[in-house]
Amino acid sequence: GIQVEQSPPDLILQEGANSTLRCNFSDSVNNLQWFHQNPWGQLINLFYIPSGTKQNGRLSATTVATERYSLLYISSSQTTDSGVYFCAVDDDYKLSFGAGTTVTVRA
Amino acid sequence: DGGITQSPKYLFRKEGQNVTLSCEQNLNHDAMYWYRQDPGQGLRLIYYSQIVNDFQKGDIAEGYSVSREKKESFPLTVTSAQKNPTAFYLCASSIKHNNQPQHFGDGTRLSIL
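Quick note, the sequences are listed as chains R and D, same order. Under our numbering, think of the first position of the first sequence as 1057, with each following residue one higher. Under our numbering, think of the first position of the second sequence as -11, with each following residue one higher.
Below is the structure:
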């Protein structure tokens, strides 16, 4: 199956700071999704981004499919951005998930 | 509101007992999935279904069973054969199998008494 690696594993930010999360994957993919899992366990779709760049408010994502990586940018972070961010790619019939990046935003 | 509803939110199982987790969607999605999440880890696929009356094993199907009698419903049974069932279970659906974004329910936390 496809291997998905996320970095860094943990990130502590001061409110208002910017950050970049990275996702590397081991094979070509047709689907890549970024999710935010909040402290209650809800998994929220952030982006469906197999290639290119998308923006949604303070969040944006870029996937360079030919180089097998994706980046998630958080700008002007807020305490509500805390949680775990997962990258997942299609692996035949399933999504293969990375281990996640745990983000803590301090006021 | 369209979405995926999982119930219950919390479930406790006694040793040797089977329990069933419910997943219902009103998004008219063809494909449905069950994932398991252990603490500090990503999600792993248990079972998936592309159409009614058809389902396939995922990576960690042992000790679990599913049915897909209706398009809207994909219940997961955790059997007594599953020796380590304590986990967070997430159901997902997508328009069709493969290459389409998956949307997730809020999950069920299962614990052993």
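Glycine residues also receive a C-beta, built at the ideal position from the N, C-alpha and C atoms. Predicted model, so just to flag it, every value in this text is computed and none were measured.
Query raised in the report: Run through DSSP, which three-state label would residue 1146 of chain R get?
Result: strand
Query raised in the report: Does residue 90 of chain D come within less than 7 Å of chain R when only Cβ atoms are used?
Result: yes
Query raised in the report: What do you get for residue 101 of chain D, buried or exposed, if any count of 16 or more other CB atoms within 10 angstroms of its CB means buried?
Result: Its Cβ having fewer than 16 others within 10 Å, residue 101 of chain D is exposed.
Query raised in the report: Is the CB-CB distance between residue 1131 of chain R and residue 1057 of chain R below 7 Å?
Result: no
Query - Burial state of residue 1065 of chain R (16 or more Cβ within 10 Å) - result: exposed
**Report entry** Neighbour flag for residue 36 of chain D against chain R, beta carbons, 7 Å
**Finding:** yes
Report task. Assign residue 1133 of chain R to one of two classes, buried (16 or more other C-beta atoms within 10 Å of its C-beta) or exposed (fewer than that). Result -> buried
**Report entry** Beta-carbon proximity list for residue 68 of chain D, same chain, < 7 Å, skipping 5 on both sides
**Finding:** Cβ within range, chain order: 4, 5, 6.
Query raised in the report: Does any CB atom of chain R fall closer than 7 Å to the CB of residue 33 of chain D?
Result: yes
Query raised in the report: Terminal residues of the continuous beta strand (DSSP E) containing residue 1066 of chain R?
Result: 1066 to 1070
Report task. Following the continuous beta strand (DSSP E) through residue 1111 of chain R, name the residue where it begins and the one where it ends. Result -> 1108 to 1112 is the extent of the beta strand (DSSP E) around residue 1111 of chain R.
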